[in-house]
Amino acid sequence: MSEYTIPDDSLYTEQDEWIRSDGARTFVGITDYAQSQLGDIVFVELPAVGSMINKDEPYGVIESVKAVSDLFAPVTGEVIAINEELNDAPERINEDCYGDGWLLEIAPTEDSEREALLEPSAYTKFLAERDE
Amino acid sequence: MGALARTPLYDVHRELGARLVEFGGFEMPVQYGSILKEHAAVREQAGLFDVSHMGQIEISGPGAIASLERLLTCRVETLEPGRVRYGLLCNDEGGVVDDVTVYRRDPQSVMLCVNASNVARVDAWVRDKAGPETSIDNASERTGMLALQGPASLEILPALGAKEVTSLARFQFADFDLFGTRVTISSTGYTGAPGFELYLPNAALVSAFRAILEAGEPHGLLPAGLGARDTLRLEAALPLYGHELDDTTTPLEAGLGRFVKRKRGGYIGAQAVEARETQPDVRALVGFELTERGIARQGAPILWDGAPVGVVTSGAPSPTLGKPIGLGYVPRRIAHEGGGVGAVFAVKIRGKAVAARVVETPFVSKIDRKADRKS
Chain U
705 MSEYTIPDDS LYTEQDEWIR SDGARTFVGI TDYAQSQLGD IVFVELPAVG
755 SMINKDEPYG VIESVKAVSD LFAPVTGEVI AINEELNDAP ERINEDCYGD
805 GWLLEIAPTE DSEREALLEP SAYTKFLAER DE
Chain Y
554 MGALARTPLY DVHRELGARL VEFGGFEMPV QYGSILKEHA AVREQAGLFD
604 VSHMGQIEIS GPGAIASLER LLTCRVETLE PGRVRYGLLC NDEGGVVDDV
654 TVYRRDPQSV MLCVNASNVA RVDAWVRDKA GPETSIDNAS ERTGMLALQG
704 PASLEILPAL GAKEVTSLAR FQFADFDLFG TRVTISSTGY TGAPGFELYL
754 PNAALVSAFR AILEAGEPHG LLPAGLGARD TLRLEAALPL YGHELDDTTT
804 PLEAGLGRFV KRKRGGYIGA QAVEARETQP DVRALVGFEL TERGIARQGA
854 PILWDGAPVG VVTSGAPSPT LGKPIGLGYV PRRIAHEGGG VGAVFAVKIR
904 GKAVAARVVE TPFVSKIDRK ADRKS
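One line per chain: the protein sequences are U and Y, in this order. Quick note, in our numbering, the first sequence goes up one by one and the last residue is 836. Quick note, in our numbering, the second sequence goes up one by one and the last residue is 928.
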């Protein structure tokens, strides 16, 4: 068990991002662990629609009151949409990181990359080991 | 890096769920929950900070005042017993060794409250530069310090038995029998909010902290960490050593001329401080807000007409104003010629020029002095 919410319907990375595909659409965001570690999120900088993000490479920036952190791409893909609402309400990420606080919608281009992502149980274990 | 020091409140911070970070060689709480909530508590109700990492140096003896008059940019002779004054210690080049609050305990005895990261160097500096008949006692390791800040502070401390704190004028202090010990309480702080700073023996710190938390609970008091302390002091445009102040910056560049005996001089570094004023590279500290999205952090270049001319010293989202604010240095020439309030420039953030505008400081209006006294 983890003290953090880790929904069953998503896959995860060791950089604390989630990725969820529901049929044709794929969304990306940061995990409950990540938002909790960051604290009050006050600013997000996301890539332009139409640009590419590359697996494990930084694609944007997220800032809390005290700190600046890079956002790392869980997979390679094209940015289909960004969550514009975060411009005015970055706190949505703290409030609902798996829902209203999503960051990107992408079109993954490398299907094979999904195999490297963590299942919920593996991410739970990863967090437990990191917190030790 | 060596082992970090801990204050006597370390276990209490852990118990309260604080996230701890290194600051000034200490392991200190940066936040207990939300920095924004802790900030708002101080502006609207009250917040309680453990600031025991800060140092206290007691200076006394027949030569103490003369020594301090030479060590500090502010007047000490004219400081009445029971009063506090802000001042700076400068090096021979006019740079700032530390910024301190000066407590005149009695005619021949003064306490300096110094920054945690500078305790050792201030202690050494004072010992080196003090004149005759001056004794110096570094009380930092045995002294705890709490900051109770926010409008509800004026109700919380009296409820604990220190009724007379409400009659302390701003920058006045007195000793109180409280928490089973002797506590020095001053009407001072580093938040731009009304409130108090308390100095007490380490042994009484845990019980005092818990008692204040309990008495403050009905008033909305929250324990608050260094994160909120930083956003609060920035809104009040109070300088932070290592950001706005360092040993290459003069007090006048930092806009602290009112704490400097400019005509009288006589303090270490006085000539160099004044000489810097006439040099072409003299700087000025300006307050700004970003007019585009972003947060200007320490180290971000300041662009004027597209050219890099200076650097941001502090920047954060202002929780009270709901917009990003900051402080930074630009050449004095620019600040004087068209760089006043309203002037438009840019801050380079991750390679992009983000628009900014010079604004009045403090960013959040000064403490209402009347509200700070019993009205």
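The C-beta atom is built at its ideal place from N, Cα and C for all residues, glycine as well. Just so it is clear, the structure is predicted and the values come from calculations on it, not from any experiment.
- In this structure, the CA atom of residue 723(U) is about 21 Å from the CA atom of residue 793(U).
- According to the DSSP secondary-structure assignment, residue 738(Y) is paired through a beta bridge with 727(Y), 751(Y).
- Against chain U, a Cβ distance below 7 Å from residue 725(Y) picks out nothing, because the smallest value is about 33 Å.
- Per DSSP, the continuous alpha helix (DSSP H) segment holding residue 791(U) begins and ends at 789-792.
- Counted as a single uninterrupted DSSP element, the alpha helix (DSSP H) harbouring residue 887(Y) occupies residues 885-889.
- At a cut-off of 9 Å between beta carbons, residue 743(U) contacts chain Y.
- Chain-ordered listing is empty here: chain U has no CB closer than 8 Å to the CB of residue 663(Y), the nearest sitting near 35 Å.
- For the options 749(Y), 726(Y), 721(Y), 755(Y), the alpha carbon positioned closest to that of residue 734(Y) is the one of 755(Y).
- Residues 789, 790, 804, 805 of the same chain have their beta carbon placed closer than 7 Å to that of residue 796(U), with the five preceding and five following residues left out of the count.
- Distance check between residue 835(Y) and each of 607(Y), 795(Y), 883(Y), 645(Y) places 883(Y) closest, using alpha-carbon atoms only.
- In terms of Cα proximity to residue 568(Y), the closest of 574(Y), 557(Y), 585(Y), 580(Y) is 585(Y).
- Close to chain U, meaning a Cβ-Cβ distance shorter than 8 Å, are the following residues of the segment 842-876 of chain Y: 846, 847, 848, 850, 869, 870, 872.
- Within 8 Å of the CB of residue 791(U), the CB atoms of chain Y belong to 846, in sequence order along the chain.
- One Cα belongs to residue 860(Y), the other to residue 771(U), and the distance between them is close to 27 Å.
- Proximity to residue 607(Y) across 635(Y), 676(Y), 626(Y) peaks at 676(Y), based on C-alpha coordinates.
- Along the segment 577-588 of chain Y, going in chain order, the ones with a CB nearer than 8 Å to a CB of chain U are 583, 584, 587, 588.
- DSSP places residue 832(Y) outside both helix and strand once states are collapsed to three, so it counts as coil.
- DSSP, reduced to helix, strand and coil, places residue 870(Y) within a strand of the structure shown.
- With 16 or more neighbouring CB atoms inside 10 Å of its own CB, residue 621(Y) falls in the buried class.
- The alpha helix (DSSP H) runs of length 4 or more contained entirely in the segment 568-628 of chain Y are, from start to end of the chain, 588-597, 617-624.
- Residue 871(Y) and residue 745(Y) have their C-alpha atoms some 13 Å from each other.
- Among the residues of the segment 899-915 of chain Y, those with a Cβ less than 8 Å away from any Cβ of chain U are 903, in the order of the chain.
- Listed by position along chain U, the residues whose Cβ is nearer than 8 Å to that of residue 784(Y) are 769.
- Neighbours of residue 753(U) in chain Y, taken as residues at a C-beta separation under 7 Å, are lacking, since the least C-beta distance is about 17 Å.
- Residue burial is scored here from C-beta neighbours: residue 566(Y) has at least 16 other C-beta atoms within 10 angstroms and is therefore classed as buried.
- Close CB contacts of residue 641(Y) within its chain, under the 6 Å cut and outside five residues either way in sequence, are with 626, 649, 652, 804 (chain order).
- The straight-line gap separating the alpha-carbon atoms of residue 603(Y) and residue 698(Y) is approximately 6 Å.
- Here the alpha carbon of residue 609(Y) sits roughly 16 Å from the alpha carbon of residue 559(Y).
- Per DSSP, reduced to three states, the secondary structure at residue 802(U) is coil, with no helix or strand assignment.
- In this structure the segment 873-883 of chain Y lies against the segment 831-846 of chain Y, because at least three pairs of beta carbons, one per stretch, are closer than 8 Å.
- For the beta strand (DSSP E) assignment, the uninterrupted runs of no fewer than 3 residues enclosed by the segment 738-764 of chain U are, from N- to C-terminal side, 745-749.
- Rounded to the nearest whole angstrom, the C-alpha separation of residue 612(Y) and residue 726(Y) is 17 Å.
- Ranked by how close their Cα comes to the Cα of residue 739(Y), the residues 688(Y), 634(Y), 661(Y) have 634(Y) in first place.
- Three or more pairs of CB atoms, one per stretch, sit closer than 8 Å, so the segment 699-710 of chain Y contacts the segment 749-764 of chain Y.
- Between residue 743(U) and residue 706(U), the gap from beta carbon to beta carbon reaches 9 Å or more.
- If you draw a straight line from the Cα of residue 851(Y) to the Cα of residue 905(Y), it comes to about 16 Å.
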